[in-house]
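These protein sequences, in sequence, are chains A and B. Under my numbering, the first residue of the first sequence carries the number 9, and numbering increases by one thereafter. Under my numbering, the first residue of the second sequence carries the number 216, and numbering increases by one thereafter. C-beta: ideal position from N, C-alpha, C; glycine also.
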Amino acid sequence: MARKILRINMGALSFAYEEVPGKWAKWGGRGLTSVIVADEVDPTCHPLGPNNKLVIAPGWVSGAPAAPSSGRTSFGGKSPLTGGIKESNSGGISAQKIAKLGLAAIIIEGVPEKGKWYTLAITKDGVSFDSADDILGKGMYEVDEILWKKFSNEPAVIGIGQAGEKKLSNAGISVNDPENKPGRYAGRGGLGAVMGARGIKAIVVDDTDGPGVEVANMDLFKTGRKKLTDAIMSHDLTKPGGGLNLYGTNVLMNIINEAGGLPTRNFSAGQFEGASLISGEMVAEMVEKRGGGMTGHGCHAGCIIKCSNIYPDEKGDALVSCVEYETAWALGANCGIDDLDYVAQMTYQCNDLGLDSIEAGNTIAIAMEGGALEFGDKVGALGLFDEIRKMSPLGRILGQGVEATAKAYGVHRVPTVKGQSMPAYEPRAIKGIGVTYATTPMGADHTAGYTIAPEIAGVSGKVDPLTDEGKAALSLTFQAATAFIDSTGYCLFIAFPILDIETGFAGMVESVAGVMGLEADGIDAIEMGKEILKVERNFNKQAGFTSADDRLPEFMRYEKLPPHDVVWTMPDEDLDEVFAWMD
Amino acid sequence: MRTISHSLQYKFMPTINVTLYGDIAHYGSGKHIAIMDLDLPEDAVIDTLLQEISLPSTERGYLFVNAVLYDAPGLYASRNELLQEGAHIGIFSIRHMWPYQYRDGIRMSDSLKAAMEESGPMQNTYRKT
Ligand code: SF4
């Protein structure tokens, strides 16, 4: 059965299945959410108004038999945080279930009668619209539990916490993991508020007896799958017992700190003296010492890398999954907090309230800079989540993210691009990432320009990593490659084995081609990625973005970052080069 | 995390601070992280340090001296670099990932720059997997 579009209208409380139009047929994941948003959403609409849409799409290979580490679900719409197009993707158990229902994408449009909230249940028979009164006002831990009791077959639960209900710009969308806990988030950009604006508290997806994923060329798919699986299983970083499996993404904390690129105390230094205490190595020590948690946890069935963890509390009971690098940095180093137990408790609060932890940590750091708390005040920082839970005026400001909070507290050192705050890499020390922060259509985003084989992309050896020269071309290549991987459904962490092992890259392409019924040599990952970027940039242009929005914050140009005492030096013209090919 | 002080009997001994990250921490009696203060001979280079702690070069990944990258997995650019009194050395296991985009533009030693020019600067790892 060919993939279908499921269109849900929240005004009429109706749904319909549609053929995938030819112009969308070649896309999956991010590529598909972005082309749908570009085609169907007025770029000038209010993100929370009736004319925005929420689009959900699994990647090409999600749900295909034993495709390794391929459970990414893309969420798209116009972002209330940036005012531009947004794609944010998540792990968890939703992608495979949506794909196995034969769905290429779910488009949610319209708004219900004011004050009405719904739980949508999507099965092979269609969509039911249940009242969400039983879960309204509740955090995601309780929501997931209630919905697994209410619905059979351990479905995927896509939901919003209180932050999304109140349409706060830092609201993310939660997806449950195999243990039915929240913590897999399409966090960035406030898409939880877009879901809330459609009157949806949760979407339950049950793929029982669904048609499954059609694989057009099973032989090619299997050949590719084997090559990719072998590459993942043999690479030092991704194999069982490898860096990601042992320490998760938080394996980066100490490296970035040693390099002097770890944003500390609201981007005022590049090294944090307490970094090792909140690192992946320390998470592993805690898990071993306390019991009750685990490292090497998979966020969905079929992940063979398993970078996730379950962090235990002092009594040895599972507290939260997952303390990953961005989270530990945002709620730790960037707030001057070196206590992993507090970082874990704040992560729990983010998961429960439905907040993006990167934006939340940056927001607390801004509040600290503004004098609300001292840097390092872990008790005070944890207490700020109570304000959001109570929806006090302060809580509502904090829930709007960094820029709103900076205005409220009169802070001028604001680490954002296009309204979205920066992740855990200091662009003054790590120059290449700064180009991507500045120019990606998504707002400051680290995954937007993920590493991919520069050799394969044909730029090997042409770029000196120590100068500003050539970084524009490289950033474009990275952004394009990332847009492609975000469309496959594969986790971005396959980038390591496909970078270092040639057959791994070939395997990734062949497995995609096998599912889609294309020739493997007919897929040009970079060109397809560029097509996606072009669609996204054009949307932003029509929404009013100009080259002035492709800039890093002013303070980074004049404030020296210790320990290397560097400032951001990239000329504006070079930043404009990244997308000059579009003009 | 394990913190130890280790004193060898040399005449003019620069004291350096070393942190070992990952499974190589056992060379400093730690499990995942080991922090050590070491006294080394006056003319000690990085190779001297690695020998003192018996860390095989095949298990050594990224290596930093005072927040400057001195070596990468599979390269041996730093072995003859002199160690100064009070230096901090951070050494990672080969299993530690560091995506290219997160290191593009960071500070590197001259010897590493030269080695990378020869080997091509874009590799994720220089170790054959
Ligand atoms: S590697 Fe990590 S983030 Fe990626 S799919 Fe596996 S558990 Fe999820």
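Going by DSSP, P505 (chain A) is part of the alpha helix (DSSP H) stretching over A503 to D508. Not flagged as an interface residue toward chain B: G525 (chain A), since no C-beta distance is shorter than 8 Å. The three-state reading of DSSP puts F83 (chain A) in strand, counting E and B together. Under DSSP, F229 (chain A) shares a beta bridge with no residue. Runs of the alpha helix (DSSP H) lying entirely within the segment 259-326 of chain A, each at least 4 residues long, are 260-266 and 288-298 in chain order.
Judged by DSSP secondary structure, K158 (chain A) falls within the alpha helix (DSSP H) whose first and last residues are M148 to K158.
Counting only runs of 4 or more residues that sit fully inside the segment 112-197 of chain A, the alpha helix (DSSP H) segments are 148-158 and 170-173, in chain order. Three or more beta-carbon pairs separated by less than 8 Å are not found between the segment 534-552 of chain A and the segment 73-83 of chain A, which leaves the two stretches without contact. Apart from sequence neighbours up to five positions away, the residues of its chain that approach A259 (chain B) with a beta-carbon distance below 6 Å are L298, ordered along the chain.
For F23 (chain A), the enclosing beta strand (DSSP E) begins and ends at S22 to E27.
For a Cβ distance threshold of 7 Å, nothing in chain A lies close to G301 (chain B): the least Cβ distance comes to about 14 Å. Across the set A:P435, A:I374, A:V422 and A:V387, the C-alpha of A:I374 shows the shortest separation from the C-alpha of L406 (chain A). Unbroken alpha helix (DSSP H) stretches of 4 residues or longer found wholly inside the segment 512-565 of chain A: 533-550, given in chain order. Taking a beta-carbon distance threshold of 8 Å, D244 (chain A) counts as an interface residue toward chain B. Look at the beta carbons and you see the segment 286-303 of chain B not touching the segment 409-417 of chain A: under three pairs across the two are nearer than 8 Å.
In the three-state scheme derived from DSSP, where H, G and I count as helix and E and B as strand, N232 (chain B) is classed as strand. Of all residues in the segment 233-244 of chain B, only T234, Y236, G237, D238 and A240 come within less than 9 Å of chain A when Cβ atoms are compared, listed by chain position. Sequence-ordered contacts of the segment 241-266 of chain B with chain A read K246, H247 and I248 [C-beta pairs closer than 7 Å]. Interface with chain B (8 Å Cβ-Cβ cutoff): Y149 (chain A) is excluded. A heavy atom of the ligand SF4 is found nearer than 7 Å to the CB of K314 (chain A). DSSP places R275 (chain B) inside the beta strand (DSSP E), whose first and last residues are R275 to V280. At least one C-beta of chain B is nearer than 8 Å to the C-beta of P571 (chain A). In summary, the residues of the segment 301-329 of chain B whose CB is separated from some CB of chain A by less than 8 Å are G305, F307, S308, I309, R310, H311, M312, W313, P314, Y315, Q316, Y317, R318, D319, G320, I321, R322, M323 and K328, in the order they occur in the chain.
For the pair V63 (chain A) and G250 (chain A), the Cα-to-Cα distance works out to about 35 Å. Think of a sphere of 8 Å around the beta carbon of A267 (chain A): the chain B residues whose beta carbon falls inside it are F279, A282, L284, R318, I321 and R322, in chain order. The C-beta distance from I168 (chain A) to K209 (chain A) rounds to 6 Å, short enough to meet the 8 Å contact threshold.
Minimum Cα-Cα distance from I306 (chain B) among the listed residues B:S244, B:T230 and B:I248 corresponds to B:I248. Our two residues, A140 (chain A) and K157 (chain A), have alpha carbons roughly 14 Å apart in a direct line.
Rounded to the nearest whole angstrom, the C-alpha separation of V49 (chain A) and D185 (chain A) is 30 Å. Chain B places a beta carbon closer than 8 Å to that of F504 (chain A), counting this residue as a contact. Under the Cβ distance rule, N258 (chain A) does not count among the residues neighbouring chain B, no pair being separated by less than 8 Å.
Taking a 10 Å sphere around the C-beta of W313 (chain B), we find 16 or more other C-beta atoms and assign the residue as buried. Contact annotation: F229 (chain A) and S495 (chain A) have beta-carbon atoms that are not nearer than 8 Å. DSSP places D582 (chain A) inside the alpha helix (DSSP H), whose first and last residues are D580 to E585. For C307 (chain A), the shortest C-beta to heavy atom distance toward the ligand SF4 is below 7 Å.
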